[in-house]
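Trainee:
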Amino acid sequence: QPLFPEASKIKLKDIDREKDGLLLIAGIAAPEYFFNQGRAYCKHVTTYTFPDHHAYNHNDVLKMISAFNALQTRKKIVIVTEKDGVRLLHSSHISPAMRRAIYYWPIRIVFHNEEEDAFNKLILDHVADFKKKGIHNND
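Going by my numbering, the sequence shown opens with residue 37, and the numbers climb by one from there.
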């Protein structure tokens, strides 16, 4: 998905594995799965890792722009996690060229076996318990 309105929609299958380049940026706890997904689509991949829950600043964005500009490929594509996209969305430091090239991979949660039902029950039980106790109970 495009992060900024300036970016045109692209499909991963439209990435030319040999001619295009990906800059993958992740500020998550275990970014290898994310990076490996990108490597499956493109031969020319640069990865940039930040700590989990990182608050991006001006210097971080300058490093990203430098890595973006260093890509020597036909097309330059930046992919961030959805979580990082939210953090970068309001940055005024991202160059116009990079804004046209930034996309995010949506987060998708997959449960195995019967774990989804157990998770939903846990959440519903917690909400029901919270409603019973009320918001002002400090137990």
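The C-beta atom is built at its ideal place from N, Cα and C for all residues, glycine as well.
Here's a check: name, in chain order, each residue in its chain whose Cβ is nearer than 8 Å to the Cβ of K79, leaving out the five neighbours to either side.
Mentor: Counted from its first residue, the sequence shown places residue 79 at position 43. R53 and E54.
Trainee: Rounding to the nearest angstrom, what Cα-Cα distance links F155 and D165 in this structure?
Mentor: Along the sequence shown, one-based indexing puts residue 155 at 119. Along the sequence shown, one-based indexing puts residue 165 at 129. Cα to Cα, F155 sits roughly 15 Å from D165.
Trainee: As a quick exercise: from Y77, G57, Y140 and Y92, pick the residue whose alpha carbon is nearest that of K45.
Mentor: As a first step, residue 45 is located in the sequence shown; it is residue number 9 there, counting from the start. When only C-alpha atoms are compared, the closest one is Y140.
Trainee: Would the stretch 109-123 and the stretch 145-154 be scored as touching if the rule is three or more Cβ pairs under 8 Å?
Mentor: Because the criterion of three Cβ pairs below 8 Å is not met, the stretch 109-123 and the stretch 145-154 do not touch.
Trainee: Where does G121 fall in DSSP's three states?
Mentor: The residue labelled residue 121 in the question sits at position 85 within the sequence shown. Looking at G121 - three-state DSSP - the assignment turns out to be helix.
Trainee: Determine whether the beta carbon atoms of T117 and A65 lie at a separation below 7 Å.
Mentor: Residue 117 sits at position 81 when you count from the first residue of the sequence shown. Residue 65 sits at position 29 when you count from the first residue of the sequence shown. Not in contact: T117 and A65 (Cβ atoms no closer than 7 Å).
Trainee: With a threshold of 16 other CB atoms inside 10 Å of the CB of P142, please say whether the residue is buried or exposed.
Mentor: Counting from 1 along the sequence shown, the entry for residue 142 is found at position 106. Exposed: under 16 other Cβ atoms inside 10 Å.
Trainee: Can you list the alpha helix (DSSP H) stretches of 4 or more residues lying completely in the stretch 96-174, in chain order?
Mentor: The stretch 96-174 contains these whole alpha helix (DSSP H) runs: 118-124, 132-135 and 151-169.
Trainee: To the nearest whole angstrom, what separates the beta carbons of F70 and I138, a pair I think is in contact under 8 Å?
Mentor: To locate residue 70, count along the sequence shown from 1; it is residue 34. To locate residue 138, count along the sequence shown from 1; it is residue 102. Actually they are not in contact, since the Cβ atoms of F70 and I138 sit about 15 Å apart, beyond 8 Å.
Trainee: Hey, quick one: how far does the beta strand (DSSP E) through Y77 stretch, first residue to last?
Mentor: Residue mapping note: residue 77 aligns to position 41 of the sequence shown, counting from 1. No beta strand (DSSP E) holds Y77; DSSP gives it neither H nor E.
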